[in-house]
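S.K.: There's a structure below that I have some questions on.
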Amino acid sequence: MGNKKTKLHYYPGCTLKEKTTNLDDTTYAVMDLLGYELIEPENWTCCGAEFPLTEEKIVGLAAPVRILRQVKLEGGNKVFTVCSFCFNVLKRANEAMVTDPLKHKRINAFLKDDITIDRVTGDKTTGFPEYNGDVSVLHLLEFIRDEVGYEKIRALIKRDLGKVKVVPYYGCRLLRPKGKIGIDKPDDPSIFEEFLENIGCEVIDFPFKQECCGSYLSLSMPDAASEASYNVLRSAKLNGADVLALSCPLCYYNLDRRQDRIKEKFPEFHEMPVLFFTQLLAWALGVDEEILGLDQHFCDPRSVLGIDKSGVEI
Amino acid sequence: MRIKLKFEENEKKFIDRVNELSGENVYSCYQCGNCSSGCPFVFEMDILPNQIIRLVQMGREEELIGSKALFLCASCFTCQSRCPKGINIANVAEAVRHLIEPKGKDYFGPQEIPAELADELPQQALVAVYRKFSK
Ligand code: SF4
Ligand code: SF4
Numbered sequence: 001m002g003n004k005k006t007k008l009h010y011y012p013g014c015t016l017k018e019k020t021t022n023l024d025d026t027t028y029a030v031m032d033l034l035g036y037e038l039i040e041p042e043n044w045t046c047c048g049a050e051f052p053l054t055e056e057k058i059v060g061l062a063a064p065v066r067i068l069r070q071v072k073l074e075g076g077n078k079v080f081t082v083c084s085f086c087f088n089v090l091k092r093a094n095e096a097m098v099t100d101p102l103k104h105k106r107i108n109a110f111l112k113d114d115i116t117i118d119r120v121t122g123d124k125t126t127g128f129p130e131y132n133g134d135v136s137v138l139h140l141l142e143f144i145r146d147e148v149g150y151e152k153i154r155a156l157i158k159r160d161l162g163k164v165k166v167v168p169y170y171g172c173r174l175l176r177p178k179g180k181i182g183i184d185k186p187d188d189p190s191i192f193e194e195f196l197e198n199i200g201c202e203v204i205d206f207p208f209k210q211e212c213c214g215s216y217l218s219l220s221m222p223d224a225a226s227e228a229s230y231n232v233l234r235s236a237k238l239n240g241a242d243v244l245a246l247s248c249p250l251c252y253y254n255l256d257r258r259q260d261r262i263k264e265k266f267p268e269f270h271e272m273p274v275l276f277f278t279q280l281l282a283w284a285l286g287v288d289e290e291i292l293g294l295d296q297h298f299c300d301p302r303s304v305l306g307i308d309k310s311g312v313e314i
Numbered sequence: 001m002r003i004k005l006k007f008e009e010n011e012k013k014f015i016d017r018v019n020e021l022s023g024e025n026v027y028s029c030y031q032c033g034n035c036s037s038g039c040p041f042v043f044e045m046d047i048l049p050n051q052i053i054r055l056v057q058m059g060r061e062e063e064l065i066g067s068k069a070l071f072l073c074a075s076c077f078t079c080q081s082r083c084p085k086g087i088n089i090a091n092v093a094e095a096v097r098h099l100i101e102p103k104g105k106d107y108f109g110p111q112e113i114p115a116e117l118a119d120e121l122p123q124q125a126l127v128a129v130y131r132k133f134s135k
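Shown next as structure tokens:
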């Protein structure tokens, strides 16, 4: 007992170490308070962001399978992510290793000859074992529901979020493709709502919670993406939300950082704060404001958390 | 009007290649339109998601060349979750893009990113868009 923490593998993904450090920092802070010591798999790389959808592109599975193999080699049997994209890619890559013999054979043949070099001794290792899909990939929302338990969370709450009206925004990658992801029912999910209720938010339902925010089209078709993002934020506002909660750094980019461009295209647009679910949880658990990284946001979310501009809780 | 009941060799080959690459069976689509009614990007598309499937079913490769719709698919899988036949149009669109993209040319490459945006773009968006739209 005492203060001994449980070790747990965590795959952050590239965006969290650069553009959304607020998501990474709040994940570390809340997991520490929940009693976990996080281990990042050694030498992790980008997961590839997109699960390859055609046989032609299956080499894209090499990166996620290598990450999962590393977790296994380090003695882990599960790994969690907070980024919805990473979750989707790792989970599907893992599933492919179990259910698709051809992908299993081709990717393992490719990865067997990986070489690692010991930083100290310079010794080279090669001839890696096959990876058979035996690490379970979880999203933090799932891990909290199934392994931590909402009761434990409720017992640790330090701040009352009661007045905050929140819409849960799932987007695409937490729920779909149907039959491949399984964090919740793709047509009628409730895991995000349950999480928010248990940390003390007032949950507001809205019809755009599973709609796409524009995803990577914000680079290649920025106008189309702005319209998709506008539809989501407008619906949240019309349904009376103070803030939109999400888990994906790309949704955050489209729905928060691009609000200036949404406004350019739709002058009647009203700004709307967004927060990562880990920021809301961190705040509820009493984490200091600096850790939340609120100055990284385009639309300042301080007032919805009851903080005035100078950082004083009101 | 003349109705052709037999595919030409090249049409048949195109349909088979799309099915093979995507792992889907485009013949199973019965054109109900569920996919297009749920797609969040139809407002910008020149042809609808169900029409992408229809054109593949008919082996009409040339009519898919230059279609903007293929590059408006964000792989959100809304259509897949609603299709009564379980067809994944994002997979089909990816296969078609692969077959019709001009060889060796990116639809969207690093040179398209405006310099002033380079600092703010999340890594995952860059990786994803290149994975989708460049060689
Ligand atoms: S929903 Fe499925 S069956 Fe219906 S038109 Fe679209 S692809 Fe065809
Ligand atoms: S996966 Fe593509 S075609 Fe299907 S609903 Fe989403 S954007 Fe539309």
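For the protein sequence lines, the chains are A and B, in the order given.
Note that the working numbering numbers the first sequence so that position 232 is 232, with each residue one more than the last.
Note that the working numbering numbers the second sequence so that position 30 is 30, with each residue one more than the last.
The beta-carbon is built from N, C-alpha and C at its ideal position, and this holds for glycine as well.
For the segment 90–158 of chain A, list the beta strand (DSSP E) runs that are entirely contained and at least 3 residues long, ordered along the chain.
M.R.: With a minimum length of 3 residues, the unbroken runs of beta strand (DSSP E) contained wholly in the segment 90–158 of chain A fall at 136–139.
S.K.: Using only the alpha-carbon positions, how far apart do residue 262 (chain A) and residue 269 (chain A) sit?
M.R.: 7 Å
S.K.: In chain order, what residues of the same chain have a beta carbon less than 7 Å from the beta carbon of residue 159 (chain A), not counting five sequence neighbours either side?
M.R.: 283, 284, 286
S.K.: Would you decide whether residue 208 (chain A) is buried or exposed? Buried here means 16 or more other CB atoms lie within 10 Å of its CB.
M.R.: buried
S.K.: Can you give the Cα-Cα distance for residue 114 (chain B) and residue 125 (chain B), rounded to whole angstroms?
M.R.: 14 Å
S.K.: Let me make sure I understand the geometry here. Which of A:148, A:115, A:145, A:107 has the alpha-carbon closest to that of residue 130 (chain A)?
M.R.: A:107
S.K.: At least one CB of chain A closer than 8 Å to the CB of residue 21 (chain B): is that the case?
M.R.: yes
S.K.: Evaluate residue 122 (chain B) with the Cβ neighbour count: other Cβ atoms within 10 Å of its Cβ, from every protein chain shown; 16 or more gives buried, anything less gives exposed.
M.R.: buried
S.K.: For residue 42 (chain A), count neighbouring C-beta atoms within 10 Å of its own C-beta (all shown protein chains included) and say buried if the count is 16 or more, exposed if not.
M.R.: exposed
S.K.: Residue range of the beta strand (DSSP E) that residue 72 (chain B) falls in?
M.R.: Segment: none, residue 72 (chain B) is in no beta strand (DSSP E) and carries neither H nor E.
S.K.: Closest by CA to residue 120 (chain B), which one among A:305, A:289, A:257?
M.R.: A:257
S.K.: How would you write the range of the alpha helix (DSSP H) that residue 20 (chain B) sits in, first residue to last?
M.R.: 9–22
S.K.: Regarding residue 30 (chain B) and ligand 1, is the C-beta to nearest heavy atom distance less than 7 Å?
M.R.: yes
S.K.: Could you pull out every unbroken beta strand (DSSP E) segment of at least 3 residues lying fully inside the segment 199–267 of chain A, listed in chain order?
M.R.: 243–246
S.K.: How big is the Cα-Cα spacing for residue 108 (chain B) and residue 100 (chain B)?
M.R.: 15 Å
S.K.: Check residue 9 (chain A) in the structure and name its three-state DSSP category.
M.R.: In the three-state scheme derived from DSSP, where H, G and I count as helix and E and B as strand, residue 9 (chain A) is classed as strand.
S.K.: Any residues whose CB sits closer than 7 Å to a heavy atom of ligand 2? List them in chain order?
M.R.: Selection output, chain order preserved: A:212, B:35, B:38, B:39, B:40, B:41, B:49, B:72, B:73, B:74, B:75, B:76, B:77, B:78, B:79, B:80, B:89, B:90, B:93.
S.K.: Closer than 7 Å to a non-hydrogen atom of ligand 1 - does that hold for the CB of residue 86 (chain A)?
M.R.: Outside the cutoff, so no.
S.K.: Taking residue 142 (chain A) as the reference, which of A:161, A:264, A:44, A:87 has the closest Cα?
M.R.: A:87
S.K.: Between the C-alpha atoms of residue 137 (chain A) and residue 176 (chain A), what's the straight-line distance to the nearest angstrom?
M.R.: Cα-Cα distance, rounded: 15 Å.
S.K.: For residue 140 (chain B), collect the residues of the same chain with a Cβ closer than 7 Å to its Cβ; drop the 5 residues on either side in sequence, then sort them by chain order.
M.R.: Outside the displayed range of chain B (1 to 135) lies residue 140 (chain B), so it cannot be described from this structure.
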